[in-house]
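Novice:
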Amino acid sequence: MKVFITGGTGFVGTHLTKQLTGQGVQVTLLTRSIKPGRPLPQGAAYLEGDPTRPGPWQNEAAPHEIFINLAGASIFQRWTDEYKIALRESRIRTTRNLVQALSLDKGREKVLISTSAVGYYGFHQDEELDEEAPAGTDFLAALARDWESEAGRAEEWGVRVIRSRFGIVMGDKGGALDQMVSLFKKGLGSRLGSGKQWFSWIHQQDLSDILLFLINQKGLSGPVNCTSPYPVQNRDLTRVLGEVLRKPTLLPPVPGFMLRLIMGEFGNVLLKGQRVLPRKLQSLGFSFRFPTIKEALNDLLNKPK
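Have a look at this one:
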């Protein structure tokens with residue numbers, strides 16, 4: 150099996166690559182520049198190219214069997230008008246170019262696992278959302294909808310397309326957890342706004358397991374929620390993170406207006422949320438290693454050094 154990954158040098162892709170190569174899978178990672186001395190597990194190789202631009206990399210990508218699209222600028226910073234354009238172009242252009250690469254080698258069975266996000270559903274309160282729920286109307290929801298639509302064009306030439314809607318990935322070397330831990334270790338951990346907003350998340354190991362699981366589900370296509378079966382509210386996440394780090398969480402909540410002032414429109418992502426459930430994965434019998442937030446945080450933060 151030959152797997153081609155965009156965005157594979159990030160913390161999700163790095164973890165996934167180790168797992169794939171550990172099972173004897175050949176992995177090609179698209180990167181804008183190959184840096185001498187950058188370590189790679191045996192069975193993995195770099196291919197130089199900019200995924201947001203057409204180029205020779207597309208011809209080299211085409212013969213692969215499995216395509217995993219993880220590329221996209223991080224949402225975890227202030228959204229200026231300029232940065233919102235970057236968020237969109239990094240996702241839409243990369244997906245469009247990857248789909249074009251797939252079209253260069255028609256006639257063989259191929260799978261495209263394209264990243265999307267639970268932001269697809271828009272902001273909700275306590276309503277439980279599965280893969281059948283409609284798209285929302287805010288910026289992030291519209292972005293996810295268009296992102297998925299771009300990936301779906303590969304179905305025109307027989308590619309099996311899986312739209313993997315990620316929750317917030319909890320990992321030990323990057324992502325949202327790093328930012329939260331740094332505040333908690335300084336004694337600045339507190340809930341955000343009301344604390345009632347839902348946080349749909351996934352442990353990085355479970356996410357890698359899910360992606361491998363999806364590759365091997367013959368005939369599966371369409372949206373799949375890649376989230377823990379137990380989303381948590383912000384107040385419970387705050388409490389459990391404080392307990393695991395043995396840090397107090399007695400500060401008053403961060404006011405919503407302050408978050409919006411500092412983070413702009415992204416503040417709404419932190420103050421609102423969605424309660425997303427992985428119904429499709431559960432119906433297929435997928436088993437989570439870290440289903441609860443306490444199990445996940447204990448594994449990520451209390452591992453022996």
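First residue of the sequence shown: 150, per my numbering; consecutive thereafter.
C-beta: ideal position from N, C-alpha, C; glycine also.
Tell me which residues share the same chain as L386 and place their Cβ nearer than 7 angstroms to its Cβ, disregarding the 5 neighbours each side in the sequence.
Specialist: Correct list, in chain order: F348, I442.
Novice: Going by beta-carbon coordinates alone, are E299 and I241 separated by less than 7 angstroms?
Specialist: yes
Novice: Can you give me the Cβ contacts of A437 inside the same chain, cut-off strictly under 6 angstroms, excluding the 5 residues immediately before and after it?
Specialist: Residue identity differs from the one stated: residue 437 is Phe in this sequence, not Ala. Here the set comprises D355.
Novice: What is the DSSP secondary structure of K443, counted as helix, strand or coil?
Specialist: helix
Novice: Round the Cβ separation of G324 and F160 to the nearest angstrom and send it over; I've been treating them as touching at under 8 angstroms.
Specialist: 6 angstroms
Novice: Taking only the alpha-carbon atoms, compute the straight-line gap between N246 and Q207 and give it to the nearest angstrom.
Specialist: 8 angstroms
Novice: I'd like to check one pair, C375 with I359: are the Cβ atoms closer than 7 angstroms?
Specialist: yes
Novice: Figure out for me which residue from T229, R302, E238, G307 has the closest Cα to the Cα of G256.
Specialist: G307
Novice: So which of K259, D321, P200, K345 has the shortest CA-CA distance to S239?
Specialist: P200
Novice: How about E214 and K151: are their beta carbons less than 7 angstroms apart?
Specialist: yes
Novice: For V418, name the three-state secondary structure that DSSP assigns.
Specialist: V418 carries a helical assignment under DSSP once its states are collapsed to helix, strand and coil.
Novice: How about A250 and A303: are their beta carbons less than 7 angstroms apart?
Specialist: No; because the gap between Cβ atoms is not below 7 angstroms, this pair is not in contact.
Novice: The beta strand (DSSP E) that contains T180, what's its start and end?
Specialist: 175-180
Novice: Which full runs of the alpha helix (DSSP H) of 4+ residues lie inside the region 217-282, going along the chain?
Specialist: 230-251
Novice: Is the beta carbon of L178 closer than 7 angstroms to that of I154?
Specialist: yes
Novice: Rounded to whole angstroms, what is the Cα-Cα separation between T229 and G413?
Specialist: 7 angstroms
Novice: Indicate the three-state DSSP secondary structure (helix, strand or coil) for V318 in the structure shown.
Specialist: strand
Novice: Distance check for P402 and W296, CA to CA, integer angstroms please.
Specialist: 34 angstroms
Novice: What do you reckon, are the CB atoms on F333 and L390 nearer than 7 angstroms?
Specialist: yes
Novice: Alpha carbon to alpha carbon, how far is D287 from I224? Give it in angstroms, no decimals.
Specialist: 14 angstroms
Novice: Can you tell me the Cα-Cα spacing of F415 and R409, whole angstroms?
Specialist: 7 angstroms
Novice: For the beta strand (DSSP E) containing G371, name the first residue and the last one.
Specialist: 371-375
Novice: For G324, which beta-bridge partners are listed by DSSP?
Specialist: M319
Novice: What residue from K396, V373, R384, P404 has the CA that sits closest to R428's CA?
Specialist: V373
Novice: Have a look at S182 and T158 and give me their C-alpha separation to the nearest angstrom.
Specialist: 11 angstroms
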